[in-house]
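Please read the structure below before turning to the comments.
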Amino acid sequence: MTCVSRGASRRPSLSLLWGAVALVLSGALPAVAQDPDPLSKLDPSSKFAVELLIDSANTLGLPSDYLRSTALQGIALKVDGKRIVVECRKKFNLLKTAHAILGSVGGEELKAGASVLYAGAKPNQLAPFKARQQNRNDLEAFTIWADLITRGVPSEEASSAITKLWQDGADDATFYGLWNNVQSDILKGLNPGAAFQNRIRETPGRPTANKVTPPEGQENQSSR
Amino acid sequence: MIDSELDPYVEWIAREARRPVVTDQAARDRIMASVRAEPLPQRRPRLWERVLEPRAFRLSPAGSALIAAGLVGIGVLAGGFVHNRDGGLPVGLSPIAVVPQTQLPVSDTVVKFVFVAPQAGKVSVVGDFNGWDSTKTPLVRAPNGAVWTVELPLSAGRHLYSFVVDGSWSADPSAPLAPDDGFGHANSVKLVRRGSAL
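If you're matching them up, the sequences are chains A and B in order.
Residue numbers for the first sequence, in my numbering: 750 to 973.
Residue numbers for the second sequence, in my numbering: 106 to 303.
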């Protein structure tokens, strides 16, 4: 590199300039080469699509870590990039739906609400959870709700029962106790729907009989 | 009119001064060339003049490429500093930035993960708290040989996780299930409140 200037006395300062550029280069290039972002394991087009969804979620105030976590899990399971993008897009849309229904709730509740929708609940079934007391959140209710549907409890029954428990002011321990009993019965071999019907009647603040239809032959079992 | 202007000598001088001078064009060119060849008066330039003075550079293609690469590097570093997709700390500039982005910055509660697998040779836990990396959080086998445990600080909230037992993913039988993640596998859910875990 040659510098043409009027005074030879200016050469040292230009040398310093080039030295600074070289210093920056030596620091910047390894940093670029390392690229610690785990999303880089995706193919470029899938990575771009996932990042676009993450940016969109951030822009809308949605918890983008839900999408990032989905992508990272897909990468860990060595799932095809296109399938990862499909899942991220699906969850992004569920987050938007949950946000539209629940309003301004925390990110964790939005993720839990999206999970309930993902499990198979209908969007309008989330609506009763919008009204809430101060300092009360629906994380336990949503978590148990999604679990029950995932384990095979009919979606309508699980939705109406969980909603009623929530509206009756059931606490976290009540939801957790219900889940513990139902999954225990399922593990013992009981049909998920029957196990749920049995246990919901034992639960404090249980829903009224006309909301949840008990299975045949179990109508006269005592409650609590 | 003053008296001096009437003086014949003054008039003569004035007339001579007003008369056009006829010079040889070649001589004029020689004179001007000599003037232009003279160096400009030297004055020590001020700092701002030195900074603002235009300069001409000649760069080789390799040099140009080197500078371009340097500018790209600066851009990448600056971009990482001012923008982080997850709203976290920038990557590559701070010691904290070497922590994976998915790791939660605040740990509210120490959560104990327990998995019973007497026949397993290796058990680890993966989740949204460690970027689903099976190498990051191995469980330790208890002295009785059947129970594997690890304690992990987690922030308050809802966490998805799974155990990896000898390379196979397995949900926690003692925790609620999350729906199928779309990849053919259902994770477990850990709810962490400040100071306690479900």
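Don't be surprised by glycine CBs; every beta carbon is placed ideally from N, CA and C.
The model shown is predicted, which means the values in this text are computed figures rather than measured ones.
| Check | Outcome |
| --- | --- |
| Min CB distance tryptophan 915 (chain A) to chain B below 7 angstroms | no |
| C-alpha distance - serine 805 (chain A) paired with proline 877 (chain A), whole-angstrom precision | 27 angstroms |
| Other residues of its chain near leucine 791 (chain A): CB distance less than 6 angstroms, five sequence neighbours each side excluded | Gly830 |
| CB-CB length for glycine 823 (chain A) against phenylalanine 288 (chain B), believed under 8 angstroms | 6 angstroms |
| Phenylalanine 924 (chain A), buried or exposed, once every other Cβ within 10 Å from all chains shown has been counted against 16 | buried |
| Proximity of glycine 856 (chain A) and leucine 875 (chain A) at Cβ, strictly below 7 angstroms | no |
| Contact set between the stretch 251-264 of chain B and chain A, restricted to residues whose Cβ is under 7 angstroms from the partner | Gly262, Arg263 |
| CB of serine 293 (chain B) within 7 angstroms of CB of alanine 276 (chain B), strictly | yes |
| Inter-residue spacing [alpha-carbon to alpha-carbon] between glutamate 143 (chain B) and glutamate 121 (chain B) | 32 angstroms |
| Per-residue burial, glutamine 206 (chain B) [other beta carbons within 10 Å of its own, 16 or more giving buried] | Any reading at glutamine 206 (chain B) must be qualified, since the residue scores a pLDDT of 33, below 50, and its modelled position is unreliable; the value itself is stated next. Buried. |
| Exposure of valine 231 (chain B), with buried meaning 16 or more beta-carbon neighbours within 10 Å | buried |
| Span of the alpha helix (DSSP H) around tryptophan 253 (chain B) | Looking at the DSSP string, tryptophan 253 (chain B) is not in any alpha helix (DSSP H); the run it does join, the beta strand (DSSP E), is 252-259. |
| C-beta atoms of valine 854 (chain A) and tryptophan 894 (chain A) nearer than 7 angstroms | no |
| Where the alpha helix (DSSP H) through lysine 845 (chain A) begins and ends | 830-851 |
| Residue-level contact to chain A via CB, proline 166 (chain B), 7 angstroms cutoff | no |
| Whole-angstrom distance between leucine 811 (chain A) and asparagine 930 (chain A), CA atom to CA atom | 34 angstroms |
| Cα-Cα separation between arginine 163 (chain B) and serine 169 (chain B), rounded to whole angstroms | 10 angstroms |
| Assigned secondary structure, serine 273 (chain B) (DSSP; H/G/I helix, E/B strand, else coil) | strand |
| Residue range of the unbroken alpha helix (DSSP H) whose run includes phenylalanine 220 (chain B) | That residue, phenylalanine 220 (chain B), is in no alpha helix (DSSP H); its beta strand (DSSP E) goes 214-221. |
| Nearest-angstrom beta carbon gap, proline 284 (chain B) and alanine 868 (chain A) [assumed within contact, 8 angstroms] | 4 angstroms |
| Top-ranked residue by Cα proximity to threonine 899 (chain A), from B:Phe234, B:Leu282, B:Leu257 | B:Leu282 |
| Proximity test, Cβ basis, 7 angstroms: tryptophan 928 (chain A) and chain B | yes |
| DSSP state of leucine 826 (chain A) mapped onto helix, strand, coil | coil |
| Distance, leucine 152 (chain B) Cα to leucine 816 (chain A) Cα | 54 angstroms |
| Lysine 295 (chain B) versus phenylalanine 945 (chain A): straight-line alpha-carbon distance, rounded | 22 angstroms |
| Neighbouring residues, chain A, relative to glycine 226 (chain B) (Cβ below 8 angstroms) | Those do not exist, as glycine 226 (chain B) stays about 20 angstroms from chain A at its closest Cβ, beyond 8 angstroms. |
| Neighbourhood of alanine 922 (chain A) by C-beta, 7 angstroms cutoff - its chain only, sequence neighbours within 5 removed | none |
| Option in B:Arg135, B:Ser267, B:Leu176, B:Arg148 with minimal Cα separation from phenylalanine 220 (chain B) | B:Ser267 |
| Residue from A:Lys860, A:Leu888, A:Leu826, A:Ala890 whose Cα sits closest to the Cα of serine 239 (chain B) | A:Leu826 |
| Cβ of glycine 272 (chain B) within 7 angstroms of any chain A Cβ | no |
| 7 angstroms CB neighbourhood of threonine 846 (chain A) in its chain, flanking five on each side removed | Leu866, Pro872 |
| Chain B contact for aspartate 896 (chain A) (CB, 7 angstroms cutoff) | yes |
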